[in-house]
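Residue numbers (UniProt numbering): 1 to 1044. Backbone N, C-alpha and C define an ideal beta-carbon position, used for all residues, glycine too. Keep in mind that this is a model prediction, so the values were computed, not measured. Let me begin by presenting the structure, written as structure tokens, before commenting on it.
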Amino acid sequence: MADGSFALEVFVDGMTCNSCAATVQSFLLSMDEVKDAQVTFADRKAKVVTSLPIDEVCATLSDLGFPSRPYDEKEVAAAIAAASNTPKSNNTQNNAASTTTTTIELATGMTCGACVATIESYVPNAVEGVISISVGLLAERAEVVYDKRTTSPKEIAAAIEDPTVSSIKLRIGGMTCASCVGRVERAVTPLPGVLNVSVNLATEVCDVTFTSGQTTLRTLISAISDAGYTATMYVDDVGAQEKLRRAEMEYLRFSLIFSTIFSVPVFFLAKIGPHIESLSPLYAGYLHFISVQLILQLMLTTPVQFISGGKFYIGAWKALKHGGANMDVLVSLGTSASYLYSLFSMVMCFFLPHYQPFVFFETSAMLITFISLGKYLEYVAKGRTSEAIQKLMSLQATTATLIKMEDDEILEETELALELIEAGDILKVVPGATVPTDGILIKGQSFVNESMITGESIPSEKTVGSELIGGTINTTGSFFMRATRVGRDTGLAQIIRLVEEAQTQKAPIQGWADKVSGYFVPVVVVLGFIVFCMWLVLTHLDCFPHEMYPPGSNGLLVSLLFAISVIVIACPCALGLATPTAIMVGTGVGAQNGVLIKGGLHLERAYKINAVLFDKTGTLTHGKPTVTDTKLLTDKISRKRFFELVGLAESASEHVLARAIVEHAKTQEEIDITTSQHLVENFMAESGKGVCCDIQDVRVFVGKRDWIREATNLTVSEDVEIKIQEWEGQGKTVVLAALDSRDAAYQGKGKEKASFDARVEGLIGLVAISDTVKPEASATIRFLRSMGIESWMVTGDNRRTAHSIASLVGISPLNVFAEVLPSEKARKVVELQSKPQSIYDDDNLKGFTVAMVGDGINDSPALAQSDVGIAIGAGTDVAIEAAAMVLVKSDLRDVITAIDLSRKTFNRIRLNYLWAMIYNLVGIPLAAGIGVPFGVMLPPMLAGLAMALSSVSVVMSSLLLKRYKKPNIPLDASAQGKKDHIVIDIPALIANLPETFTSSKKEKSAGLNLPRSYSLKKKALSYGVEMKELIRSKGLINEDHKAD
């Protein structure tokens, strides 16, 4: 090409998904020397148009964590063929000769676990001969066990690529209890093409994954309707969801008010009226012993029974019509029995001359009222479980001020709806306003309250170049920002979406409740019939105390009352709500505390964590290494010349240590690396080992000790070895530099013609590089240990440096994996998962339940392999995608918050189940009459109230999680550092307050009984930029006490 660029093809290994390919492509395009780049994951190929030599491109990508080499089609094809055709295992002894295993590369763009479930459930049914299939989400590979007599890898691959798989959400109406969940799932699952169905009772949402060619949306909705429920498309819109919620709440409120208006008079006439002498005319029998009050009770109860209670009849009919039974059946049975018996008793008066009717209309009316009250309270409580999402949604700004600028001069200000803002727009944010979208501050400075996103209560200072999060609050000065992410791409929108998805997912423990609920209602109906028969016999045998008979009743009526009590007190609602409500509250509380949990499955696994594996760089440390020490080994080269050679050699590398050396050379040694880069020739790099190149007639080697020995055949002296060990013992990484004029490139050059540097051979110096440990690291490790969780560390550093860092944070040297290549991190997770916790305890012979904490691209396989992957929020998109939990902040203490919240939530779920089970185990026997020998009888009215309040109590129990406070983990005194405190002269500060601060504030401040010097946390200075500048400009900081 005319500009000196040429096209290269590079084989990129280590990519585990399409996101990795996108990351590599973005990285290549960000390089100045690269004109164009295209990376494909399927064939691991990178096509690059660049002026750089191919070795340098390969070395750069290798330093990034993707081992690369020039692309060789034959070599790659042979490798793929070998991987595809290698027999691994046989599934059956009878078909040992015909059964084989193959690995198929998937270029299907899988994005989530639903895609995995889709392929794993579809392929065995679609392809004859497939015995089993296991799909790796991140690796995008499928390991298939199949019968080679009936199918082939080609047919299997075609089947995987063939179906158009869709995943939709439906809002289900008419569900009343956990039995309904099972009925909806059973109605949809048998449909052709349906791959996965998950119904959440608390959110009333059904997730369906299906093959579009075999099933349609109308078929799904029709099947759900036939099962007795309504199904509509789930609307991902805040306003629409709120409208639906309010409509449902209004209906429940109307039903409650309506039934209460009629039920209270019925209760009054039945229970209180007979004791009021002035009302005695109402109780006199005028027609066949039928009094006015009986007619009034019938008239008042009938609207309650068939208007307020109509929804129970409709639900029960739909359930019974489709061969099921739910809570509506129980309520309908109980209320109908009391109503119809009372009506029958009144009718009998016309046929039996001396028959005195006994009615209990109040039981039917009050049952429906109490159940309506319970449903209303339950709905209100369930609404509170999703308050976290509602609060997050309320953070979103609705408008933004768009600025048109030219040469730092504002030409126009326009207030626009947030939907019209585009990436790249310049926006103005005034004090007190919401930051409209994600962006970068380009002019001004301020303090921004980010507590609603990160959980950090103290406002963060923002200056030019600082990143801003949409939805946070600007507390002080005005500033201008450039929008970088808008709409659904903003961090806040992604958090909302993630929390919504997490709240609709089921935890494995919920499967137990769903299974129990499927048999619950039929068992209770049978039990009610048994109780009726039992008491009918006992009353006939005169085993029922006569003083406990209701006035005017008989054995048949008493038996019926016991049966009604049993039927109405038992309800599977509490079981069905125990898990989803706790998960909804738990994930919401997590989001408010800066921990994003991607569903109930991960929350349940996190409860069992007993080992945490930390990546070192960027996780335990800041990930920003700096040069701390330098030792020259020859007096023939000056310090500046040393860093000029080393800096130029490292300038072509993208390794994090190389960047640290280059940055030091530029800033500390004041060397202009950029203008001298053209002097670098014949650059070569070996990933994670070192680099070498030619600079002005001399060969420069910079890298690890072992690699320097191998590349130059130089011997490291004892004195140098001692110094290296000393620095490594301090947790520093040591880089060696050497010159070699004996390289083949210089043969034929006389020493007299070579440069001065070329006459210097051997080691010329050492550079120590240190990445400082995060201040909260040791406190986090110590607190984990107190929770019974063992901490481990994995790093590519040498053992001495790794052990030094481990000792700083409190990790045992035995728990350190050192010199681990990026591709081997996942193996270390597997090693821990299979490592016995104790050889002395039979219960601990199984492996650890491992949480992996990381932030980089090369951590993603380990994050996916671990039981619970926890990604640092400041990490890469690939790591965040692979993780089960995401820490919004980069504070390691949030690892503890994530585990502690998971434990609290799971304990709450178990408590909910315990309460639901105890309630039924105690309530049903009590309703059946077990307390009769002790003079205790539970009337149907109270049984109905108890049933109504049972589900409410479970939801309220889950809501107690909203009171969760994350553990207070103070930093070590040494970690806090001396610079955290400054000393301010308070009287002088008050005297210098400008007029913009009101006199009342001055007087209030002056009235404080403060010493002349007063120690404050720097971060507490949230008075604003003006106050900060005032303090500094007036010289009010007492420099002598800065270290206090």
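Enumerate in chain order the residues of its own chain whose CB-to-CB distance from residue i is below 8 Å, with the five nearest sequence positions on each side excluded.
i: E995; result: With a pLDDT of 42 at E995, under the threshold of 50, the predicted position of this residue should be treated as unreliable, and no value is reported.
i: L536; result: G555, L556, S559
Identify whether residue i lies in helix, strand or coil by the three-state DSSP scheme.
i: M233; result: strand
i: A818; result: coil
i: A481; result: A small fix is needed here, since residue 481 is Met in this sequence, not Ala. Residue state, collapsed to three classes: strand.
i: T216; result: coil
i: M327; result: helix
i: C543; result: coil
i: D635; result: coil
i: F848; result: coil
i: residue 1046; result: Summary: the structure shown does not reach residue 1046, with the chain confined to residues 1 through 1044, and so no result is reported for it.
i: T151; result: coil
i: K243; result: helix
i: P265; result: helix
i: E776; result: coil
i: D859; result: helix
i: T581; result: helix
i: E831; result: helix
i: L52; result: coil
i: N798; result: coil
i: F66; result: coil
i: N692; result: Going by the sequence as given, residue 692 is Cys instead of Asn. Strand, per DSSP.
Leaving aside the five residues before and after residue i along the sequence, list all residues of the same chain whose C-beta is less than 7 Å from its C-beta, in chain order.
i: K318; result: G228
i: L64; result: F27, E654
i: D891; result: E776
i: I673; result: G647, L648, S651, V662, A665, K666
i: residue 1055; result: Past the edges of the chain, shown from 1 to 1044, lies residue 1055, and the structure says nothing about it.
i: N920; result: A570
Go through its chain and collect everything with a Cβ distance to residue i's Cβ below 6 Å, but skip five positions before and after it.
i: V658; result: Here the sequence assigns Ala to residue 658, which means Val is not the residue at that position. Same-chain partners within the cutoff: E650.
i: D13; result: P67
i: A46; result: V10, V12, V39
i: G439; result: L468, M481, R482, A483, T484
i: F817; result: V794, K828
i: S255; result: S308, S372
i: T108; result: Confidence at T108 is low in this model, with a pLDDT of 48, below 50, so its placement is unreliable and the value that follows should be read with caution. Once the five neighbours on either side are set aside, T108 has no close Cβ partner at all.
i: S834; result: G847
i: T232; result: R171
Quick one: measure Cβ to Cβ for residue i and residue j, integer angstroms, because I've assumed they're closer than 8 Å.
i: residue 1120; j: I609; result: The requested residue 1120 is not part of the displayed model; the chain covers only 1 to 1044.
i: I969; j: F783; result: 5 Å
i: V853; j: I870; result: 5 Å
i: M31; j: V24; result: Actually they do not touch by this definition, with Cβ atoms about 11 Å apart.
i: I769; j: P625; result: 5 Å
i: G374; j: V954; result: Actually they do not touch by this definition, with Cβ atoms about 11 Å apart.
Do residue i and the ligand GDP come close, with the Cβ less than 8 Å from some heavy atom?
i: A884; result: Absent from the structure shown: the ligand GDP. Ligands present: none.
Checking contacts by CB at 9 Å: is residue i closer than that to chain C?
i: G174; result: The question asks about chain C, but that chain is absent: this structure has only one protein chain.
Checklist line | Sufficient close CB pairs (3 or more, under 8 Å) joining the segment 269 to 284 to the segment 350 to 367 | finding: The segment 269 to 284, when compared against the segment 350 to 367, does touch it at the 8 Å Cβ threshold.
Note to self: As an exercise, report each continuous alpha helix (DSSP H) stretch of at least 4 residues that is fully enclosed by the segment 416 to 501, in chain order.
What the structure shows: Qualifying alpha helix (DSSP H) stretches, in chain order: 451 to 454.
Note to self: So, does the segment 564 to 583 touch the segment 823 to 835, judging by three or more C-beta pairs under 8 Å?
What the structure shows: Taking a cut-off of 8 Å for Cβ pairs, the segment 564 to 583 and the segment 823 to 835 do not touch, as fewer than three such pairs fall below it.
Note to self: Check whether the segment 795 to 807 and the segment 612 to 630 are in contact - that is, three or more C-beta pairs closer than 8 Å.
What the structure shows: Yes, the segment 795 to 807 is in contact with the segment 612 to 630.
Next item on the list: With a floor of 3 residues, list each beta strand (DSSP E) that falls wholly inside the segment 310 to 379, ordered by position along the chain.
Entry: The qualifying runs do not exist here; there are none.
Next item on the list: State whether the segment 693 to 707 contacts the segment 669 to 683, with contact taken as three or more CB pairs (one from each stretch) at a distance under 8 Å.
Entry: Touching, yes.
Next item on the list: Please specify which runs of the beta strand (DSSP E), each continuous and at least 3 residues long, are wholly inside the segment 170 to 226, giving them in chain order.
Entry: Here the runs fully enclosed are 194 to 200, 205 to 211.
Next item on the list: Spell out a yes or no on whether the segment 388 to 403 and the segment 489 to 497 are touching, meaning 3 or more CB-CB pairs, one atom from each, closer than 8 Å.
Entry: Yes, since at least three Cβ pairs between the segment 388 to 403 and the segment 489 to 497 fall closer than 8 Å, the two stretches touch.
Checklist line | Any 3 or more C-beta pairs closer than 8 Å across the segment 150 to 157 and the segment 184 to 203 | finding: These segments do not touch.
Note to self: Between the segment 514 to 534 and the segment 323 to 332, can you find at least three pairs of beta-carbon atoms closer than 8 Å?
What the structure shows: With the cut-off at 8 Å, the segment 323 to 332 and the segment 514 to 534 touch.
Notebook entry, point to check: Of all the beta strand (DSSP E) runs that stay within the bounds of the segment 590 to 666, which reach a length of 3 or more residues?
Noted result: As far as the segment 590 to 666 is concerned, its whole beta strand (DSSP E) runs of at least 3 residues are 595 to 597, 611 to 615, 626 to 632.
Next item on the list: Taking 8 Å as the threshold, find out whether the segment 932 to 950 comes into contact with the segment 628 to 635 through three or more Cβ pairs.
Entry: Using a C-beta cut-off of 8 Å, the segment 932 to 950 makes no contact with the segment 628 to 635, since fewer than three inter-stretch Cβ pairs fall below that distance.
Next item on the list: Examine the Cβ distances between the segment 258 to 267 and the segment 289 to 304 and report whether three or more of them are shorter than 8 Å.
Entry: The way I'd put it, the segment 258 to 267 does touch the segment 289 to 304; three or more beta-carbon pairs between them come closer than 8 Å.
Next item on the list: Check whether the segment 206 to 226 touches the segment 335 to 354, counting contact only when three or more Cβ pairs, one atom from each stretch, lie closer than 8 Å.
Entry: Contact between the segment 206 to 226 and the segment 335 to 354 is absent, with fewer than three C-beta pairs closer than 8 Å.
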